[in-house]
Amino acid sequence: MNWTWFHKLASPPHAYRIAAQLLPWFAWPAGALIVAGLYGGLVLAPADYQQGDAFRIVYVHAPGAWLSMLVYATMAVAAAVGLIWRIKLAHAVAAASAPVGASFTVLALATGAIWGKPMWGTWWVWDARLTSELILLFLYAGVMALRASIDDRDRADRAAAVLAIVGVVNLPIIHYSVYWWNTLHQPATLTKIGKPSMAGDMLWPLLLMLLGFTLFYGAILLIRLRAEILKRERDATWLTTELAR
Amino acid sequence: MERTGIARAACLAYRRDLLLAFRHWGQVAQPLVFFVIVATLFPLALGPQLAELREIAGGTLWVAALLASLLGVELLFRADHADGTLEQLLLSGQPLAILVLAKGFAHWTICGLPLVLLAPLVGAGLGTPPAANCTLMLSLALGTGILSALGAIGSALTLGLRRGSLLLGLLVLPLAMPSLIFGARAIDLAIHGDSARGPLLLLSAMLVLSVTLAPTAVAAALRISAE
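Chains A and B, in that order, are what the protein sequence lines are. In this text, residue positions in the first sequence follow this note's numbering: the first is 25, and each later residue adds one. In this text, residue positions in the second sequence follow this note's numbering: the first is 724, and each later residue adds one.
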């Protein structure tokens with residue numbers, strides 16, 4: 025099998041250009057889907073019979089939570105690729121992803137707390153899903169802090185990659201242990217709110233938002249990847265000619 | 724010259740670390756004293772009623788053990804990194820993961836085992852009944868093993884960094900949360916006279932997993948840090 029295209033993709037000059045070309049293909053559909061999803065979710069979808077209008081925050085909360093996990097997985101896969109095949113661009117993808125994933129995690133936690141206030145009467149409960157989301161935020165913080173405290177870029181990349189892979193192995197264990205911990209300690213009636221009956225006109229805006237958010241992450245990743253390449257290749261000659269064009 | 728077998732190399736690494744520890748036993752005692760002090764903070768902060776302390780004894784012991792092992796694991800590779808022993812291990816031609824496993828086991832013998840032996844005493848101060856001691860020690864023995872394995876990864880990653888100890892906590896504590904959940908739960912069940920079989924089996928599974936996988940990660944991290 026011919027791998028030339030792959031190696032070409034992994035070279036910073038090509039990645040820099042391809043990222044710019046791909047960007048509109050992610051950004052515009054993302055914007056359109058999010059606007060359509062928000063309109064569908066906030067205006068067209070009927071109010072929930074139990075939760076009233078409060079359930080509508082799910083259209084931001086669920087995509088945030090989905091991406092917090094997707095971005096971590098992306099980061100770990102990129103880190104593994106960078107570590108095994110020594111592809112620097114993969115490390116750049118991992119470095120560009122971490123803060124985005126942490127932001128989505130914060131978004132999921134914040135919207136979860138805001139949702140919890142009218143539903144459970146408090147901003148925070150030690151619900152299994154909220155707690156594992158919080159631990160996920162700690163894992164992001166660890167990866168970002170480790171990268172920030174190593175001055176040598178190559179070492180920082182590889183150390184953060186090892187940690188990201190260790191984290192991804194631990195994520196299922198953390199998720200299930202927190203789930204069992206919660207069912208051990210708290211009566212289920214307190215935390216289990218009936219998932220909004222997701223049927224028809226409530227479901228499709230959510231699917232649009234999930235897809236829109238995912239594409240939005242793609243767009244942000246491309247922008248951040250370009251910035252990361254600029255930072256990493258600032259002394260390279262190709263960059264000088266590229267920018268002079 | 725005949726090549727040293729890996730089993731012998733691992734034994735030598737284990738013996739060397741034990742010997743070094745016994746020559747500086749003051750350093751070995753530090754995490755233990757820390758363990759007792761942290762466990763003392765809880766009654767002072769929450770009130771002296773033994774009946775109430777008994778309810779949180781499992782969690783208290785586990786949090787104290789977690790922090791103490793974090794303190795101990797920081798020293799795992801530091802001296803070796805400073806005096807060049809680590810480079811010798813890297814260049815020795817022996818599988819690094821096995822050597823790391825031996826070093827980790829030595830570390831557990833020095834830091835984890837005394838803590839396990841001391842735990843019933845601290846537990847008695849927190850109102851745990853003697854009947855729970857067996858589960859208590861088993862839970863902490865499995866737990867300190869997991870913490871040594873996870874801590875070794877963090878220790879290898881933060882080797883030689885400024886403010887490495889703060890970073891170590893940030894890296895290791897989130898990973899240690901699952902074992903904290905089941906370890907504290909096991910002690911809690913034993914205190915109330917229930918069978919702690921389930922959480923202990925889960926802890927054992929986690930120990931097997933971390934002892935199997937962690938040496939590879941530690942070896943990779945050491946290669947990165949020692950460059």
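Using N, Cα and C, we set each Cβ at its ideal position, and we do this for glycine too.
- [ ] Kindly identify the DSSP beta-bridge partner or partners of residue 72 of chain A.
- [x] The residue given as residue 72 of chain A occupies position 48 in the first sequence. Its beta-bridge partners are A:76.
TODO: For chain A, find out if any of its Cβ atoms is closer than 8 Å to the Cβ of residue 905 of chain B; answer yes or no.
DONE: Locating residue 905 of chain B in the second sequence gives position 182, counting from the first residue. With a threshold of 8 Å between beta carbons, residue 905 of chain B makes contact with chain A.
Task: Integer Cβ distance of residue 100 of chain A from residue 192 of chain A, believed to fall under 8 Å - done: Here residue 100 of chain A refers to the residue found at position 76 when the first sequence is read from its first residue. Here residue 192 of chain A refers to the residue found at position 168 when the first sequence is read from its first residue. Correct: roughly 4 Å between the Cβ atoms.
Open item on the list: For residue 165 of chain A, would you say it is in contact with chain B, using Cβ-to-Cβ distances shorter than 8 Å as the test?
Closed with: One-based indexing of the first sequence puts residue 165 of chain A at position 141. Yes, its Cβ sits closer than 8 Å to a Cβ of chain B.
TODO: Can you say whether residue 142 of chain A is buried or exposed, counting buried as having 16 or more other CB atoms within 10 angstroms of its CB?
DONE: Sequence index remark: in the first sequence, residue 142 of chain A carries index 118 (1-based). Classified as exposed, residue 142 of chain A has fewer than 16 neighbouring CB atoms from the shown chains inside 10 Å of its CB.
Open item on the list: I'd like to know whether the C-beta atoms of residue 875 of chain B and residue 796 of chain B end up nearer to each other than 8 Å.
Closed with: Translated into the one-based positions of the second sequence, residue 875 of chain B becomes position 152. Translated into the one-based positions of the second sequence, residue 796 of chain B becomes position 73. With respect to residue 796 of chain B, residue 875 of chain B sits close: the two C-beta atoms are nearer than 8 Å.
TODO: Tell whether a beta-carbon distance below 8 Å holds between residue 762 of chain B and residue 895 of chain B.
DONE: Here residue 762 of chain B refers to the residue found at position 39 of the second sequence. Here residue 895 of chain B refers to the residue found at position 172 of the second sequence. It is not a contact, given that the beta carbons lie outside the stated cut-off.
- [ ] Kindly list, in the order they appear in chain B, the residues whose Cβ is closer than 7 Å to that of residue 57 of chain A.
- [x] The count along the first sequence starts at 1 and reaches residue 57 of chain A at position 33. Ordered by position in chain B, no residue passes the 7 Å Cβ test against residue 57 of chain A, which lies about 33 Å from the chain.
Task: For residue 258 of chain A, the three-state DSSP class (helix, strand or coil) - done: Here residue 258 of chain A refers to the residue found at position 234 of the first sequence. In the structure shown, residue 258 of chain A sits in coil (DSSP, three-state: anything other than H, G, I, E or B).
Open item on the list: With H, G and I counted as helix, E and B as strand and the rest as coil, what does DSSP make of residue 65 of chain A?
Closed with: The sequence position of residue 65 of chain A within the first sequence is 41, counting from 1. Note: residue 65 of chain A maps to helix in three-state DSSP.
Open item on the list: To be precise: take each residue of the segment 790 to 810 of chain B, compare its Cβ to all Cβ atoms of chain A, and keep it if any distance is under 9 Å. Which residues remain?
Closed with: Sequence-ordered contacts of the segment 790 to 810 of chain B with chain A are nonexistent [C-beta pairs closer than 9 Å].
Task: Where residue 201 of chain A meets chain B, residues with beta-carbon distance less than 7 Å - done: Here the question's residue 201 of chain A lines up with position 177 in the first sequence. Contact annotation for residue 201 of chain A against chain B: 901, 904, 905 [CB-CB distance below 7 Å, chain order].
Open item on the list: Considering just the uninterrupted stretch of the alpha helix (DSSP H) at residue 111 of chain A, what are its terminal residues?
Closed with: If you number the first sequence from 1, residue 111 of chain A lands on position 87. Segment: none, residue 111 of chain A is in no alpha helix (DSSP H) and carries neither H nor E.
Task: Sufficient close CB pairs (3 or more, under 8 Å) joining the segment 728 to 742 of chain B to the segment 146 to 154 of chain A - done: As far as the Cβ criterion goes, the segment 728 to 742 of chain B does not touch the segment 146 to 154 of chain A, which means the pair count is below three.
Open item on the list: When you compare the CB positions of residue 732 of chain B and residue 822 of chain B, do they come within less than 8 Å of one another, or not?
Closed with: On the second sequence, position 9 is the one that residue 732 of chain B refers to. On the second sequence, position 99 is the one that residue 822 of chain B refers to. It is a contact, given that the beta carbons lie within the stated cut-off.
TODO: Buried or exposed for residue 867 of chain B, please, with buried defined as at least 16 other CB atoms from any protein chain shown within 10 angstroms of its CB.
DONE: Mapped onto the second sequence, residue 867 of chain B falls at position 144. When all chains shown are included, residue 867 of chain B counts as buried.
Task: residue 800 of chain B: first and last residue of the uninterrupted alpha helix (DSSP H) it sits in - done: Position 77 of the second sequence holds residue 800 of chain B. Note, residue 800 of chain B: premise wrong, no alpha helix (DSSP H); not H, not E.
Open item on the list: Suppose you measure from the CA of residue 134 of chain A to the CA of residue 747 of chain B; what does that come to, to the nearest Å?
Closed with: The residue given as residue 134 of chain A occupies position 110 in the first sequence. The residue given as residue 747 of chain B occupies position 24 in the second sequence. When rounded, the separation of the alpha-carbon atoms in residue 134 of chain A and residue 747 of chain B is 49 Å.
Task: Under 7 Å by beta carbon: chain B residues contacting residue 182 of chain A - done: Here residue 182 of chain A refers to the residue found at position 158 when the first sequence is read from its first residue. Neighbours of residue 182 of chain A in chain B, taken as residues at a C-beta separation under 7 Å, are given in chain order as 947.
- [ ] Just mark residue 157 of chain A as buried or exposed, buried being the case when its beta carbon has 16 or more other beta carbons within 10 Å.
- [x] Counting from one through the first sequence, the residue named residue 157 of chain A turns up at place 133. Residue 157 of chain A comes out buried.
Open item on the list: Using the Cβ count rule (16 or more neighbours within 10 Å means buried), how would you classify residue 265 of chain A?
Closed with: The sequence position of residue 265 of chain A within the first sequence is 241, counting from 1. Exposed, by the Cβ-count rule.
Open item on the list: Helix, strand or coil, according to DSSP, for residue 747 of chain B in the structure here?
Closed with: Position 24 of the second sequence, counting from 1, holds the residue named residue 747 of chain B. Coil, per DSSP.
Open item on the list: With H, G and I counted as helix, E and B as strand and the rest as coil, what does DSSP make of residue 894 of chain B?
Closed with: Here the question's residue 894 of chain B lines up with position 171 in the second sequence. Looking at residue 894 of chain B - three-state DSSP - the assignment turns out to be helix.
Open item on the list: If I follow the unbroken alpha helix (DSSP H) through residue 29 of chain A, where does it start and stop?
Closed with: Here the question's residue 29 of chain A lines up with position 5 in the first sequence. Residues 28 to 33.
TODO: Determine whether the Cβ of residue 863 of chain B lies closer than 8 Å to any Cβ atom of chain A.
DONE: Your numbering for residue 863 of chain B matches position 140 in the second sequence. For residue 863 of chain B, the nearest beta carbon of chain A is not closer than 8 Å to its own beta carbon.
TODO: Please report the Cβ distance between residue 83 of chain A and residue 233 of chain A, rounded to the nearest whole angstrom; I am assuming they are in contact, meaning their Cβ atoms lie under 8 Å.
DONE: Residue 83 of chain A sits at position 59 when you count from the first residue of the first sequence. Residue 233 of chain A sits at position 209 when you count from the first residue of the first sequence. Taking 8 Å as the upper bound for CB-CB distance, residue 83 of chain A and residue 233 of chain A are in contact here, some 5 Å apart.
Task: Continuous alpha helix (DSSP H) stretch holding residue 857 of chain B: start and end - done: Along the second sequence, one-based indexing puts residue 857 of chain B at 134. Unbroken alpha helix (DSSP H) run through residue 857 of chain B: 856 to 880.
Task: Under the three-state DSSP convention, the category residue 851 of chain B falls into - done: Within the second sequence, the letter at position 128 stands for residue 851 of chain B. Residue 851 of chain B falls in the coil class under three-state DSSP.
TODO: Measure the alpha-carbon distance for residue 851 of chain B versus residue 782 of chain B and round it to whole angstroms.
DONE: For this step, residue 851 of chain B is matched to residue 128 along the second sequence. For this step, residue 782 of chain B is matched to residue 59 along the second sequence. Going from the Cα of residue 851 of chain B to the Cα of residue 782 of chain B covers about 12 Å.
TODO: Consider the Cβ of residue 938 of chain B: report whether some Cβ of chain A lies at a distance smaller than 8 Å.
DONE: Within the second sequence, residue 938 of chain B is the residue found at index 215, counting from 1. Put simply, the CB of residue 938 of chain B is far from chain A, with every gap to its CB atoms at 8 Å or more.
- [ ] Please work out which residues of its chain come closer than 7 Å, Cβ to Cβ, to residue 188 of chain A, disregarding the five sequence neighbours upstream and downstream, and give them in chain order.
- [x] For the purposes of this step, residue 188 of chain A is taken as residue 164 along the first sequence, with counting starting at 1. Excluding sequence neighbours, residue 188 of chain A sits near 99, 100, 103, 118, 167.
- [ ] Can you tell me which of the three DSSP states residue 949 of chain B falls into?
- [x] Looking up residue 949 of chain B in the second sequence gives position 226. Per DSSP, reduced to three states, the secondary structure at residue 949 of chain B is coil, with no helix or strand assignment.
Open item on the list: Strictly under 8 Å for the Cβ-Cβ distance: is residue 149 of chain A near chain B by that measure?
Closed with: Locating residue 149 of chain A in the first sequence gives position 125, where the first residue counts as 1. At least 8 Å separates the CB of residue 149 of chain A from every CB of chain B.
Open item on the list: Quick check: is the beta carbon of residue 857 of chain B nearer than 8 Å to any beta carbon in chain A?
Closed with: Within the second sequence, numbered from 1, the residue matching residue 857 of chain B stands at position 134. It does not; no Cβ of chain A falls within 8 Å.
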